[in-house]
Amino acid sequence: MQEYPWKHHRRFNAYAQYFERTFGERLQKVTIDAGFTCPNRDGKVARGGCTYCNNDAFNPSYNNPSKSVKQQIEEGIEFHANRYRRASKYLAYFQAYSNTYKPLEELKRIYAPALEQE
Numbered sequence: 014m015q016e017y018p019w020k021h022h023r024r025f026n027a028y029a030q031y032f033e034r035t036f037g038e039r040l041q042k043v044t045i046d047a048g049f050t051c052p053n054r055d056g057k058v059a060r061g062g063c064t065y066c067n068n069d070a071f072n073p074s075y076n077n078p079s080k081s082v083k084q085q086i087e088e089g090i091e092f093h094a095n096r097y098r099r100a101s102k103y104l105a106y107f108q109a110y111s112n113t114y115k116p117l118e119e120l121k122r123i124y125a126p127a128l129e130q131e
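Per my numbering, residue 14 is the first one in the sequence shown, and the count goes up by one each step.
If you want it as structure tokens, here you go:
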């Protein structure tokens with residue numbers, strides 16, 4: 014059986030296992046909804062979005078673009094600490110729609126609070 018560069022026999026390198034190997038423990042993604050859209054929703058390329066992209070189906074209850082990034086991170090950590098007790102470190106993850114679909118200066122302003130968190 015072939016061993017891949019990521020040091021196991023699976024054909025893919027799972028994110029969770031990568032984090033455990035890199036950081037020595039489990040990291041939990043804390044999803045953030047920063048109110049992004051995408052070119053397949055806003056009319057630049059298409060309207061209505063992609064068939065598979067229903068963010069309501071996979072965004073946790075604490076996600077809401079009306080909340081600050083900091084508040085979503087805090088609520089996400091609390092949510093995951095109660096639900097998945099194995100994680101002691103967290104990664105801010107801008108999930109909803111296209112998380113780079115804004116002008117650079119606006120992205121810097123949106124991402125800054127996540128980068129300031131410990």
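Every residue, glycine too, gets a C-beta built ideally from N, C-alpha and C.
C-alpha gap between Arg23 and Glu88, whole angstroms: 34 angstroms
Inter-residue Cα distance where the pair is Gln15 and Asn26: 14 angstroms
Residue(s) in a DSSP beta bridge with Tyr106: Thr44
Three-state secondary structure (DSSP) of Arg54: coil
Lys115 versus Gln130: straight-line alpha-carbon distance, rounded: 22 angstroms
Secondary structure of Arg34, DSSP reduced to three states: Correct three-state label for Arg34: helix.
For Arg99, three-class secondary structure by DSSP: coil
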